[in-house]
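Peer 1: For this note's numbering, count along the sequence shown from 1 and bump the result up by 3. Note that beta-carbon positions come from the ideal geometry of N, C-alpha and C, so glycine has one too. Since the structure is predicted, the reported quantities are computational estimates derived from the model, not experimental observations.
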Amino acid sequence: MKQDIDSILDTLLDQLASIEHERWAHWQKYMHSKALRQPDGSLIIPAYLVTKWERQIALPFAQLSEAEKDSDREQVQKYLPLLKSSLSKTF
Numbered sequence: 004m005k006q007d008i009d010s011i012l013d014t015l016l017d018q019l020a021s022i023e024h025e026r027w028a029h030w031q032k033y034m035h036s037k038a039l040r041q042p043d044g045s046l047i048i049p050a051y052l053v054t055k056w057e058r059q060i061a062l063p064f065a066q067l068s069e070a071e072k073d074s075d076r077e078q079v080q081k082y083l084p085l086l087k088s089s090l091s092k093t094f
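1) Any contact between the segment 9-19 and the segment 61-76? By contact I mean 3 or more CB pairs, one from each, below 8 angstroms.
2) Cutting at 7 angstroms between CB atoms, please list the residues of its own chain near D7, excluding the five before and the five after it.
3) In whole angstroms, what separates the C-alpha of T54 from that of L90?
4) Is the CB-CB distance between A38 and I48 below 7 angstroms?
5) With DSSP as the reference, label I47 as helix, strand or coil.
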């Protein structure tokens, strides 16, 4: 059974990477929309966002607010259909 799971997960690598790329691109688009582009192309992130994100980085999931947890859960939901579909074919 472990080999079955390993084999399934190995075949999902590119599909999972595609979902991850979409997640990352969405985040980058959001960050760029909040930052101030400089003439040289660099971005300045507002201090309040840096403070917010540094706080979130320092906290484990269990200590996040419910809204922050929901945001993380929303991202994970993008992976679940692929995992459920693939695992249901085996079990």
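Peer 2: By the coordinates alone:
1) Verdict: no, contact absent.
2) The residue labelled residue 7 in the question sits at position 4 within the sequence shown. The answer, listed in chain order, is T93.
3) Indexing the sequence shown from 1 puts residue 54 at position 51. Indexing the sequence shown from 1 puts residue 90 at position 87. About 40 angstroms.
4) On the sequence shown, position 35 is the one that residue 38 refers to. On the sequence shown, position 45 is the one that residue 48 refers to. Contact: yes.
5) Counted from its first residue, the sequence shown places residue 47 at position 44. In this structure, I47 counts as strand in the three-state DSSP scheme.
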